[in-house]
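Data first, discussion second: the structure below is written as structure tokens.
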Amino acid sequence: MPELTLEDIRNALELPDFDVAAAQRNMSPVTRSLARPSGLGGEARVGGVLLLLYYLNGELYLVLTRRRPDLAAHPGQISFPGGRNEPPESLATTALRETEEEIGMPAADVQLLGTLTSIYIPPSDFEVHPFVGWVSSEKRPSFVAAPDEVAEIVEVPLATLLEPGVKVEEWRELGGQQMRVPHFAVDGHKVWGATAIILNEFVERLRVVGEKV
216 MPELTLEDIR NALELPDFDV AAAQRNMSPV TRSLARPSGL GGEARVGGVL
266 LLLYYLNGEL YLVLTRRRPD LAAHPGQISF PGGRNEPPES LATTALRETE
316 EEIGMPAADV QLLGTLTSIY IPPSDFEVHP FVGWVSSEKR PSFVAAPDEV
366 AEIVEVPLAT LLEPGVKVEE WRELGGQQMR VPHFAVDGHK VWGATAIILN
416 EFVERLRVVG EKV
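The numbers in my numbering rise by one with no breaks, and the one at position 44 of the sequence shown is 259.
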């Protein structure tokens, strides 16, 4: 596949007739619901996350984080920087603010390129809105992990996420039952759950655009 450019990213985020549901299902555990149950009372919590891109030696990279293993929610998992919305801020502001808090990337240095499809996370009753942005710099940004939240910052070439074999699956016990759980195998990490679902929509959009280049 040809090397992707920022224009390719923008085109990927604006693809008409892209099958979002298929891309999300592809990396979802087989029993996972992608919609909030209609009978569930109240309202889901809402938040924003950021797929942050930057160039290094002419190649686009994506930033992920590994959450601390002692956190109450999703301990030790690979995720995007982000968190809960704090009204009256916009969801985009949430994603940028949380990214700055978690990895030290100033919001003012990030240019938003577009959005991906929001998803619902059943265990935490959380609706996540993903944004895609990039850092305009000729060198790698200086990231600083928030010690109370982030155990590790994981930087991945976009090309790696498009390689054959990066998507694998395993059987594991979730909610008291064995189920097939797909994940991205990245730099010794397993990227699964909501992060993998969001990431796969992004990757498959890129794949469509890359095939047209």
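For glycine and all other residues, C-beta sits at the position ideal for the given N, C-alpha and C. Values in this document were obtained by computation on a predicted structure and should not be read as measured data.
Alpha-carbon spacing of residue i relative to residue j, whole angstroms
i	j	result
Gln239	Glu342	15 Å
Glu370	Trp386	27 Å
Val264	Val347	9 Å
Glu301	Ala227	29 Å
Leu377	Val418	7 Å
Asn241	Asn272	32 Å
Arg282	Val359	14 Å
Thr330	Ile412	14 Å
Ser243	Gly262	20 Å
Glu315	Gln392	38 Å
Arg225	Leu327	10 Å
Ala322	Lys354	17 Å
Ala259	Leu311	21 Å
Ile366	Leu268	The sequence shown places Ala at residue 366, rather than the Ile named in the question. Approximately 20 Å, taken between the alpha carbons.
Ile368	Glu313	14 Å
Glu275	Ile318	The sequence shown places Leu at residue 275, not Glu. So the alpha carbons of these two residues sit roughly 18 Å apart.
Gly298	Thr308	11 Å
Lys382	Ala400	6 Å
Ser339	Thr410	14 Å
Asp223	Pro379	20 Å
Val278	Ala236	24 Å
His344	Gly254	22 Å
Terminal residues of the beta strand (DSSP E) in which residue i lies
i	result
Leu228	Counting along the chain, Leu228 falls outside any beta strand (DSSP E), though it belongs to the alpha helix (DSSP H) covering Leu221 to Leu228.
Thr487	Outside the displayed span of the chain (216 to 428) sits residue 487, for which this structure offers no information.
Val325	Val325 to Thr330
DSSP bridge partner residues for residue i (one or two, in chain order)
i	result
Met400	In the sequence under discussion, the amino acid at residue 400 is Ala, which differs from the Met named in the question. In the DSSP output, where bridge partners are listed per residue, Ala400 has Lys405.
Phe341	Arg260 and Ile336
Glu385	Val396
Val369	Leu279
Gly298	Gly263
Leu268	Leu277 and Trp349
Ile293	Arg281
Extent of the continuous alpha helix (DSSP H) run through residue i
i	result
Arg240	Val235 to Asn241
Leu373	Leu373 to Leu376
Contact between the segment 228 to 237 and the segment 395 to 407 (3+ Cβ pairs under 8 Å) = no
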